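Below: one structure, written as structure tokens.
2 protein chains.
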Amino acid sequence: MHPFIRVISLSLDKPSPSDKRADKERLLDGLRGTGIDLPVEIELEVLRKLPAYLREHDFYVTLSLGSMGDRYKVIDIGKPAPYAVAVDIGTTNMVASLFDLTKQERIGTDEQENPQISEGPDVLSRVHLSMSGKGGCLHSLLITGINELIGKLASRYDVSTKDIGVVVFAGNTIMTHFLLNLPVDAIAVENYIPVVNKPAFVSPHTIGISIHNQGIAYVFPNAGSYVGGDIISGIICSGGYKQKDPFIIVDVGTNAEIVLGCDEWIMVGAGAAGPALEKGIAEIGMRAGEGAICHVDISKDTDAVMIKTIGGGEPKGICGSGMIELISELYGSGIINQQGKFSGISGKIRDTDGRKEFVLYESAGTKLIISETDIENFLRSKAAMFASLYVMVKAVGLCFSDIARFYVSGALGSGIDTDKAVRIGFIPDIERSRFVALGNSSLAGAEMLLLNSTLLKDIEAVCAMITYREMNTDGEFMREFPAAMFIPHTNPEVLKC
Amino acid sequence: MHPFIRVISLSLDKPSPSDKRADKERLLDGLRGTGIDLPVEIELEVLRKLPAYLREHDFYVTLSLGSMGDRYKVIDIGKPAPYAVAVDIGTTNMVASLFDLTKQERIGTDEQENPQISEGPDVLSRVHLSMSGKGGCLHSLLITGINELIGKLASRYDVSTKDIGVVVFAGNTIMTHFLLNLPVDAIAVENYIPVVNKPAFVSPHTIGISIHNQGIAYVFPNAGSYVGGDIISGIICSGGYKQKDPFIIVDVGTNAEIVLGCDEWIMVGAGAAGPALEKGIAEIGMRAGEGAICHVDISKDTDAVMIKTIGGGEPKGICGSGMIELISELYGSGIINQQGKFSGISGKIRDTDGRKEFVLYESAGTKLIISETDIENFLRSKAAMFASLYVMVKAVGLCFSDIARFYVSGALGSGIDTDKAVRIGFIPDIERSRFVALGNSSLAGAEMLLLNSTLLKDIEAVCAMITYREMNTDGEFMREFPAAMFIPHTNPEVLKC
Numbered sequence: 000m001h002p003f004i005r006v007i008s009l010s011l012d013k014p015s016p017s018d019k020r021a022d023k024e025r026l027l028d029g030l031r032g033t034g035i036d037l038p039v040e041i042e043l044e045v046l047r048k049l050p051a052y053l054r055e056h057d058f059y060v061t062l063s064l065g066s067m068g069d070r071y072k073v074i075d076i077g078k079p080a081p082y083a084v085a086v087d088i089g090t091t092n093m094v095a096s097l098f099d100l101t102k103q104e105r106i107g108t109d110e111q112e113n114p115q116i117s118e119g120p121d122v123l124s125r126v127h128l129s130m131s132g133k134g135g136c137l138h139s140l141l142i143t144g145i146n147e148l149i150g151k152l153a154s155r156y157d158v159s160t161k162d163i164g165v166v167v168f169a170g171n172t173i174m175t176h177f178l179l180n181l182p183v184d185a186i187a188v189e190n191y192i193p194v195v196n197k198p199a200f201v202s203p204h205t206i207g208i209s210i211h212n213q214g215i216a217y218v219f220p221n222a223g224s225y226v227g228g229d230i231i232s233g234i235i236c237s238g239g240y241k242q243k244d245p246f247i248i249v250d251v252g253t254n255a256e257i258v259l260g261c262d263e264w265i266m267v268g269a270g271a272a273g274p275a276l277e278k279g280i281a282e283i284g285m286r287a288g289e290g291a292i293c294h295v296d297i298s299k300d301t302d303a304v305m306i307k308t309i310g311g312g313e314p315k316g317i318c319g320s321g322m323i324e325l326i327s328e329l330y331g332s333g334i335i336n337q338q339g340k341f342s343g344i345s346g347k348i349r350d351t352d353g354r355k356e357f358v359l360y361e362s363a364g365t366k367l368i369i370s371e372t373d374i375e376n377f378l379r380s381k382a383a384m385f386a387s388l389y390v391m392v393k394a395v396g397l398c399f400s401d402i403a404r405f406y407v408s409g410a411l412g413s414g415i416d417t418d419k420a421v422r423i424g425f426i427p428d429i430e431r432s433r434f435v436a437l438g439n440s441s442l443a444g445a446e447m448l449l450l451n452s453t454l455l456k457d458i459e460a461v462c463a464m465i466t467y468r469e470m471n472t473d474g475e476f477m478r479e480f481p482a483a484m485f486i487p488h489t490n491p492e493v494l495k496c
Numbered sequence: 000m001h002p003f004i005r006v007i008s009l010s011l012d013k014p015s016p017s018d019k020r021a022d023k024e025r026l027l028d029g030l031r032g033t034g035i036d037l038p039v040e041i042e043l044e045v046l047r048k049l050p051a052y053l054r055e056h057d058f059y060v061t062l063s064l065g066s067m068g069d070r071y072k073v074i075d076i077g078k079p080a081p082y083a084v085a086v087d088i089g090t091t092n093m094v095a096s097l098f099d100l101t102k103q104e105r106i107g108t109d110e111q112e113n114p115q116i117s118e119g120p121d122v123l124s125r126v127h128l129s130m131s132g133k134g135g136c137l138h139s140l141l142i143t144g145i146n147e148l149i150g151k152l153a154s155r156y157d158v159s160t161k162d163i164g165v166v167v168f169a170g171n172t173i174m175t176h177f178l179l180n181l182p183v184d185a186i187a188v189e190n191y192i193p194v195v196n197k198p199a200f201v202s203p204h205t206i207g208i209s210i211h212n213q214g215i216a217y218v219f220p221n222a223g224s225y226v227g228g229d230i231i232s233g234i235i236c237s238g239g240y241k242q243k244d245p246f247i248i249v250d251v252g253t254n255a256e257i258v259l260g261c262d263e264w265i266m267v268g269a270g271a272a273g274p275a276l277e278k279g280i281a282e283i284g285m286r287a288g289e290g291a292i293c294h295v296d297i298s299k300d301t302d303a304v305m306i307k308t309i310g311g312g313e314p315k316g317i318c319g320s321g322m323i324e325l326i327s328e329l330y331g332s333g334i335i336n337q338q339g340k341f342s343g344i345s346g347k348i349r350d351t352d353g354r355k356e357f358v359l360y361e362s363a364g365t366k367l368i369i370s371e372t373d374i375e376n377f378l379r380s381k382a383a384m385f386a387s388l389y390v391m392v393k394a395v396g397l398c399f400s401d402i403a404r405f406y407v408s409g410a411l412g413s414g415i416d417t418d419k420a421v422r423i424g425f426i427p428d429i430e431r432s433r434f435v436a437l438g439n440s441s442l443a444g445a446e447m448l449l450l451n452s453t454l455l456k457d458i459e460a461v462c463a464m465i466t467y468r469e470m471n472t473d474g475e476f477m478r479e480f481p482a483a484m485f486i487p488h489t490n491p492e493v494l495k496c
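Residue numbers (numbering that gives the first Met the number 0), protein chains in the order written: chain X, 0 to 496; chain V, 0 to 496.
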């Protein structure tokens with residue numbers, strides 16, 4: 000393994016009348032002797048401490064070396080600062096993991112709402128805000144939030160943020176731009192051009208991130224406005240880009256992005272999602288958290304609804320995976336028909352002013368209901384997802400049965416019931432063992448990078464392999480979409496390709 | 000030529016539905032198209048301006064590209080910042096030249112006393128001060144002085160310091176360490192180890208130098224405690240390292256360092272100088288400036304003394320080149336003997352309390368006299384210089400007649416009368432056309448680098464070629480020194496080798 004920070008101890012030759020090398024060059028020579036074969040940078044702040052340190056420690060030195068791709072950087076001497084943080088900057092939620100890179104293990108994970116939400120609920124509203132001159136404020140909010148998140152996580156595990164030598168960020172293109180305080184104006188208008196695709200390494204302090212003074216920040220590249228660092232990180236996490244056989248990744252977090260590829264090419268399709276599954280679809284939709292319904296079973300015989308919530312307590316709403324199961328069970332038990340309309344007989348269906356609703360849960364204080372409008376919204380998302388999958392797979396001359404691995408990422412991905420999802424045509428009808436749940440693949444890819452800096456080369460390679468296909472303006476997509484609005488499809492054979 | 004800053008204008012492809020490259024990558028692709036074949040860095044500060052600039056200028060961009068050896072850096076877009084400064088940081092005096100790199104010409108030069116003088120007159124006193132904890136103050140004094148010098152120079156030629164994209168520094172090892180605020184403790188004690196030999200590129204702002212925000216600072220490397228960046232720069236200036244035939248450089252500024260080498264090896268000898276020629280030798284010694292006697296002729300017949308001063312006004316003292324001529328003329332006219340004692344008859348010799356003195360100049364307000372002690376001090380410097388030269392040339396199996404070029408650098412170097420210097424054995428008796436005056440070679444080397452950044456490779460090569468020979472502890476030197484105290488030498492044949 001090649002963790003992002005290596006802590007190295009070595010005994011240097013001592014100066015003598017025949018060996019008058021300077022301290023820095025003596026240290027660099029010593030490092031080369033341990034197999035460090037790339038250039039090593041040492042900032043003035045570290046150099047200033049070096050002579051006294053070497054002489055106090057009889058030229059035995061312990062230092063932390065941070066990877067920067069084509070070179071290393073001495074983060075510190077004496078105090079190794081071996082901790083590292085991976086951050087997934089979601090539009091809604093930010094998640095961070097703290098690692099001890101000497102032990103090569105994750106210490107803990109924490110999350111926090113993206114504080115930009117106070118200014119605008121989604122990417123588009125924040126971009127418009129930024130274009131009206133509030134970009135700096137959005138940057139500050141984000142940085143403050145990230146520092147809080149990292150600080151909270153570090154303090155919980157009794158780690159000083161000054162001992163964090165590396166932080167890796169993965170986020171969509173807009174979040175990356177806000178992180179770096181880059182203008183997003185050109186991303187929002189025709190041609191949708193980012194300022195930068197490959198920010199790579201930046202000094203944490205130039206963007207306001209509070210870690211070790213000589214720490215390193217790496218920002219995942221994006222492959223255009225719609226293929227962000229979160230997707231690249233997800234591809235890295237899947238490992239699909241190393242396999243000869245085709246793979247698919249669907250990310251059903253905020254936007255339904257689809258990745259199709261193999262070890263020679265990668266196609267990303269996006270822009271076709273309806274509202275995100277976890278919010279905006281159903282009135283009772285919520286993020287996968289405490290109290291969210293994540294599993295639904297409906298008895299064919301008795302209409303009885305069995306639900307499970309995250310955390311096991313009183314349900315507060317329904318998350319993405321719960322929604323898939325709910326629709327699948329409503330359809331399987333005959334309560335809704337192919338069009339998603341309430342056609343069956345159930346004591347749980349109520350008619351309010353001609354609007355039919357299904358009562359999913361009812362207690363003294365809580366009533367969770369699903370309307371036909373909610374179901375239609377869901378079907379629109381499902382149709383967008385499936386039509387995109389179908390168009391992309393066909394475009395490269397493949398069938399669903401050719402897909403060796405079907406990765407499902409996103410908060411939803413951790414708990415998806417593939418049988419139920421296939422039943423409604425949410426995903427194609429392939430061998431179930433080919434489905435792999437990735438969870439938060441954006442975070443997971445960043446975590447993998449912390450533990451293995453040679454993945455920087457993989458990231459470069461992946462970026463070079465990606466082509467982007469916009470679905471919103473794709474004629475083929477438009478033709479396939481209406482058929483996919485049906486449950487499971489107007490032509491169920493299509494699910495098997 | 001490859002000036003340190005290149006101003007490039009180019010028309011980039013405009014974004015289109017089939018060309019959605021990010022602004023940064025679009026710019027980098029464009030630069031590659033103009034033949035820029037090394038990696039190019041663009042800092043966030045520049046990236047933040049890029050999208051608006053490109054769209055306001057219809058994707059026609061003018062930028063300044065600074066060389067950083069193995070890569071380039073975009074210093075600015077729109078405002079090219081094509082100015083550059085070379086600074087020689089002398090222990091006594093700092094000299095700076097301002098260049099317009101678009102025109103590849105020097106605009107002007109200015110100098111200023113090194114403000115550290117207020118804390119300690121020489122390197123050693125300042126090192127001791129630094130070891131007692133005042134290093135930060137010495138750093139600040141130096142930086143303030145350099146900023147003043149650059150500011151004064153820029154303002155005289157109506158250039159904003161914010162339009163200075165590059166500054167190159169050459170100074171001895173201690174001055175380089177003070178510049179970078181690095182501790183000098185270990186340089187002052189046994190084994191004499193610097194913190195760094197190759198500082199190379201630093202951000203001007205991290206050391207407090209006020210030029211363009213994204214400007215570049217390059218610091219000449221040293222090849223050990225006694226072979227500073229000023230000597231390396233002088234070697235670059237001479238070009239001797241590129242020639243098959245041996246060359247010598249003597250720098251008689253503050254310390255009499257000697258360089259002997261060719262295109263395969265370079266030997267530097269130092270530490271053997273007596274007091275600097277321009278100060279400390281004679282009571283009337285002074286730096287080569289306004290009012291300093293720089294030429295002396297004494298008539299053999301009439302004892303008449305003819306002097307010339309720098310600036311042509313009333314003499315205030317005598318500089319190094321004047322001192323060489325004075326001793327040479329006193330000897331040539333028989334006023335002093337081989338031992339430097341007043342043995343001849345002259346109306347200008349006065350006897351005060353048994354101490355003999357020579358009246359060089361006398362007017363209503365000024366009386367400039369030379370004592371036998373002054374002459375003895377001078378002869379000690381001369382002997383150190385010549386014995387070093389002799390020992391070094393012999394050590395590599397050469398004769399003085401093998402030396403193809405004999406470069407004389409230092410303020411003294413610009414005006415030395417070689418015949419007079421040879422007559423007293425200050426320099427060897429070789430063909431006069433082989434002597435070349437370099438002037439301030441430390442400044443001149445830095446200036447050459449500004450105009451030709453490919454010299455960075457030469458600097459690397461020169462550093463690798465250098466071996467250092469300490470004269471103070473050299474037995475051979477000790478044996479040769481006494482004979483060289485005579486005028487011209489106990490064995491004048493030795494001058495021709």
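A virtual CB, placed ideally from N, CA and C, is assigned to each residue, including glycine.
Keep in mind that this is a model prediction, so the values were computed, not measured.
An exposed status is given to V188(V), since fewer than 16 other beta-carbon atoms sit within 10 Å of its beta-carbon.
When only Cα atoms are considered, I317(X) and I292(X) end up about 4 Å apart. Proximity of chain X to Y191(V) at the Cβ level (cut-off 7 Å) is accounted for by K19, in chain order. Counting only runs of 4+ residues, the alpha helix (DSSP H) found wholly inside the region 255–331 of chain X occupies 319–331, in chain order. Considering only beta carbons, the part of the region 29–50 of chain V lying closer than 7 Å to chain X consists of L43, L46, R47, L49, P50, in chain order. Annotation for T466(X): the continuous beta strand (DSSP E) segment containing it runs 465–469. Annotated as proximal: K23(V) and I41(V), with beta-carbon spacing under 8 Å.
In the DSSP annotation of this structure, the continuous segment of the alpha helix (DSSP H) that includes S154(V) starts and ends at 134–155. For the options G333(V), A383(V), Q338(V), the alpha carbon positioned closest to that of E475(V) is the one of A383(V).
Minimum Cα-Cα distance from L329(X) among the listed residues L64(X), V73(X), I149(X), F377(X) corresponds to F377(X). D184(V) reaches chain X at P50, A51, R54, counting residues in chain order whose Cβ is nearer than 9 Å. Bridge partners of I248(V) according to DSSP: V258(V), Y406(V). Not one beta carbon of chain V lies nearer than 8 Å to the beta carbon of D57(X). The region 355–369 of chain V and the region 459–472 of chain V do not touch, with fewer than 3 CB-CB distances between them shorter than 8 Å. When C-alpha distances from L448(V) are compared across G135(V), S387(V), V86(V), H138(V), the shortest belongs to V86(V). Every beta strand (DSSP E) of 3 residues or more that sits fully in the region 26–50 of chain X is shown, in chain order, as 39–41. Here DSSP, grouped into helix, strand and coil, assigns V166(V) to strand. Under the Cβ distance rule, G207(V) does not count among the residues neighbouring chain X, no pair being separated by less than 8 Å. DSSP, read as helix, strand or coil, puts N376(V) in helix.
In the structure shown, the three-state DSSP call for M67(V) is coil. Taking C-beta atoms as the reference points, I4(V) and G164(V) count as a pair closer than 8 Å. V94(V) sits in a strand when the DSSP states are folded into three classes. Under the DSSP definition of a beta bridge, L367(X) partners with Y360(X).
Shown here, G396(V) sits in coil according to DSSP, grouped into three states, outside any helix or strand.
In the structure shown, R354(X) adopts extended strand secondary structure according to DSSP, grouped into three states. Three or more Cβ pairs drawn from the region 229–239 of chain X and the region 433–440 of chain X lie within less than 8 Å of each other, which places the two stretches in contact. CA-to-CA, the gap between L26(V) and L11(V) works out to about 7 Å.
Scanning chain V for C-beta atoms nearer than 9 Å to the C-beta of L179(X) yields L43, L46, R47, reported in chain order.
In the DSSP assignment, R431(X) falls outside any alpha helix (DSSP H) and carries neither an H nor an E. Around the beta carbon of Y156(V), a 10 Å sphere encloses fewer than 16 other beta carbons of the protein chains shown; the residue is thus reported as exposed.
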